[in-house]
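Only one structure is covered here, and it is reproduced in the block below.
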Amino acid sequence: MSGRHGIRKSRWLPAYVTVYLGFLYLPILLLPIFSFNDAASTTFPLAGFTTKWYASLWGNTAMLVAARNSLIVGICVSVLSTGLAICAARAVTRYKFRGQHAATGLLMAPLFLPEIIVAVSLLMIVLQLGIELSLATVILGQTVFCLPYALSVLISGFDGFDRSLEEASLDLGETAIGTFRRVTLPVVAPAIISSLLVSFTISLDEFILAFFLSGTEPTLPVYIWGQLRFAAKLPGVLALGSLMIALSIILITIAEILRRRAENRLKAGASVHG
Amino acid sequence: MADTPMIEIDAVSRYYGIYRALDDVSLDIAAGEFFSLLGPSGCGKTTLLRSIAGFDTPTSGDIRIDGQSAIGLPPNKRPTNMVFQNYAIFPHLNVEENVGYGLKRLKLDADDERRRIGNALEQVRLAHLGKRKAHELSGGQRQRVALARALVMRPKVLLLDEPLSALDKKLREEMQVELRTLQKAVGITFVLVTHDQYEALAMSDRIAVMFGGRIAQVATPKEIYQHPLTRQVADFLGGMNFMQAKITSESAVNLSVETTRFGNVTIAKPKGFTASNGQATIGIRPERLRVLWDDAKADCEVTGHVVDRHYFGEITHLIVEVPGLEKPLSVSETNNFGADDIPVGAPIRLAYDPDALVAMAS
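Just so you know, the protein sequences line up as chains A and B, in that order.
Letter by letter, the first sequence follows residues 84 to 357 of the working numbering.
Letter by letter, the second sequence follows residues 151 to 512 of the working numbering.
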């Protein structure tokens, strides 16, 4: 029997896919399962259902401080990296200039640099300059790290932007500033929001840079790392981890939906087919 | 036609580096005229249109709109509006918001604004689709939105950049009639850019044919089709049987030529004509050669035999070899009398009117 493209169906392929997906997602699934388990140890069989680990998070001041830190860092990082990426993405998609591909490559390169090396380098510079480690240094470091992600989201969002939309606006009597406000911004807004969400999510989950650069103000991942020394704290960490996974999935899903919607809309604006 | 032209293109040139997109173009377009810029891609027609709109600035020369120089005026300060080739419908706005986009700047009172939007949508027969989003519209509907959005501004000049090229053939032909009717109804000067000669012939009051950044001829559709000034113009607007003829005498307005198979004729001398080696290029349109059936006689005849035949539904193209002519004649004959049944290889007699012969500058 042959498949749709004439490839013989293999008995091994479904097994392979199952193992593959299991490898990817089973460990993450364990997290929420144990976070509802009424026992301090993470072993099977499960002891019973409880939400007390979640409840305990509310009374945990250190955790709440870390969460607040993460929120501050996440918001600053997403705004900074998206702001910088908007300028770069517009330049790359709108204009043709010498060294365009090299510039794009340089902007995207941090994506492939070993993060720990980047973190060590940043730490060295910060210490050399005599700057005290704080949330500000984490923000700077993570902005560098998030920039390529924001950039790739925005480039795909701006690429379909049809220049004639801005020309049509000018032609209809609108000024350059008015055109930016009434046409450019609304049309690319979904891509910008999507970039903000992606940057925020990456910042929220980022550990290495935060660990090196945060000093005495931990973000959530750094806080979790600190808690792992205490076996008794593990269920609480599992609950916190489950919440972070849920939040990440929600944010990334919204970002992807927005990105696709923006893409379709741009296609509709530029398309000439009936 | 009014005394002062609505648009005066005065010795306009546009260089991109050393490439001349427009080369000393001068042109007057009258108020209320439906004017077409016709030519192959890269001939400069779009650059000229965009210069009128203000999206491109001539390297030299002047463009006056309604008597006022537009050089240095940005597009939003010009009394022109444009229908873009891809329509450029704002994707985040619905049909009404698209049409009302430019009116927002005018700060009209709400009733007035609504009325103008309503009128514009009615003009293009889209009144029922006011709340539709851009991506829910068909190609023809988008085109109407783009039209309404420009017309609602009551421009002195409406510029249309290949507005029909994205539509399928049937819709395109419908829109040709509709655009023409609309233009007569609103009385606004229309300047249309197109590479489709039938579109230009069907819609325009006058046509400017452009090649290589220059204007080859400006005339009415009929004049331009029947009396093309140059071989290039004749070739671009439909078929033409070209021949070389020997000049026997030449006056200020006329040429007398001796042809190999079309006798000695005197024809109008085109502007800018220069003889080469005492020879002139003359031609006759394929539909001006008629098949002579059976014993029918005509004052002027050529004889030959059919070497090929192409069927096009209502007409048939016959390729007729005539002894003494360097190239076979192309003949376009309606199928009413059975031109589609003439066998290849058959002898054939063709009638022509000597007035149908034209001389062209090379």
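For each residue, glycine too, the CB sits at the ideal point set by N, CA and C.
Along chain B, which residues have their Cβ under 7 Å away from the Cβ of residue i?
i	result
A/Ser247	Phe234, Asn236, Ala238
A/Ala251	Phe234, Ala238
A/Phe266	According to the sequence shown, residue 266 of chain A is Val rather than Phe. Here the neighbours are Phe240.
Identify the contact partners of residue i in chain B, using a Cβ-Cβ distance below 8 Å as the criterion.
i	result
A/Val270	Phe240, Pro241, His242
A/Thr176	Within chain B, no residue comes near A/Thr176; the closest Cβ sits about 17 Å away, beyond 8 Å.
A/Thr258	Asn226
Interface residues of chain A around residue i at Cβ under 8 Å?
i	result
B/Gly167	Correct list: empty, because the minimum Cβ distance to chain A is about 14 Å.
B/Gly280	Here the premise fails: no neighbours, minimum Cβ distance about 18 Å.
B/Met303	Leu255, Gly256
For a test of your reading of the model: does the CB of residue i fall under 6 Å from any non-hydrogen atom of the ligand SAM? Yes or no.
i	result
B/Ser163	Of ligands this structure carries none, so the ligand SAM is not represented either.
Could you confirm whether any beta carbon from chain B is found closer than 7 Å to the beta carbon of residue i?
i	result
A/Leu255	yes
A/Leu341	no
A/Met84	With a pLDDT of 45 at A/Met84, under the threshold of 50, the modelled position of this residue cannot be trusted, and the question is left open.
Using a Cβ cut-off of 7 Å (strictly closer), state whether residue i contacts chain A.
i	result
B/Pro190	no
B/Gly250	no
B/Arg275	no
B/Val414	Checking the sequence shown, residue 414 of chain B turns out to be Asn, not Val. By this cut-off, B/Asn414 is not an interface position.
B/Arg499	no
B/Arg255	yes
B/Asn231	yes
DSSP beta-bridge partners for residue i?
i	result
B/His467	B/His460, B/Ser482
B/Ser406	B/Ser399, B/Thr416
A/Phe132	A/Asn120
B/Gln218	B/Ile215
B/Asn391	B/Ile434
B/Lys283	B/Asn244
B/Glu451	B/Ala501
B/Ser186	B/Leu342, B/Ile357
A/Ile332	DSSP output for A/Ile332 lists no bridge partner at all.
B/Glu158	B/Asp178, B/Arg214
B/Ile365	B/Met360
B/Thr380	B/Ala511
B/Arg520	Because residue 520 of chain B is not part of the residues shown, which for chain B are 151 to 512, the question remains open.
Output, in chain order, the set of chain A residues within a Cβ distance shorter than 9 Å of residue i.
i	result
B/Arg514	Outside the shown range of chain B, which is 151 to 512, sits residue 514 of chain B, and nothing can be said about it.
(message) Is it the case that the region 257-268 of chain A contacts the region 196-215 of chain A, given that we only count it when at least three CB pairs across the two stretches are under 8 Å?
(response) no
(message) Would you call the region 250-269 of chain B in contact with the region 247-256 of chain A, where contact means no fewer than 3 C-beta pairs closer than 8 Å?
(response) yes
(request) May I ask you to list, following chain order, the residues of the region 226-244 of chain A that have a beta carbon less than 7 Å from some beta carbon of chain B? (result) none
(request) Could you please tell me which residues of the region 193-216 of chain B, in chain order, have their CB closer than 7 Å to any CB of chain A? (result) Ala203, Phe205
(message) So if I threshold CB-CB distances at 7 Å, which residues from the region 360-386 of chain B count as touching chain A?
(response) none
(message) Under 8 Å, with one C-beta from each stretch per pair, do the region 159-166 of chain B and the region 201-215 of chain B reach the 3-pair mark?
(response) yes
(message) Can you confirm whether the region 222-231 of chain B touches the region 371-381 of chain B when touching is taken to mean that 3 or more C-beta pairs between the two stretches lie within less than 8 Å?
(response) no
(message) Measuring CB atoms only, is the region 363-370 of chain B touching the region 200-209 of chain B, in the sense that at least three cross pairs come out at less than 8 Å?
(response) no
(request) Inspect the CB distances between the region 155-172 of chain A and the region 232-243 of chain A and report whether three or more fall short of 8 Å. (result) yes
(message) Pairs of beta-carbons, one from the region 396-410 of chain B and one from the region 379-388 of chain B, closer than 8 Å: are there three or more?
(response) no
(message) For the region 288-300 of chain A against the region 103-121 of chain A, do three or more pairs of beta-carbon atoms, one drawn from each stretch, fall closer than 8 Å, so that the two count as touching?
(response) no
(message) Check whether the region 327-340 of chain B and the region 177-189 of chain B touch, using three or more Cβ-Cβ pairs below 8 Å as the test.
(response) yes
(request) Could you tell me whether the region 284-295 of chain A touches the region 324-338 of chain A, using the rule of 3 or more Cβ pairs below 8 Å? (result) yes
(message) If contact is defined by three or more beta carbon pairs under 8 Å, each pair taking one atom from either stretch, is the region 224-237 of chain B in contact with the region 294-307 of chain B?
(response) yes
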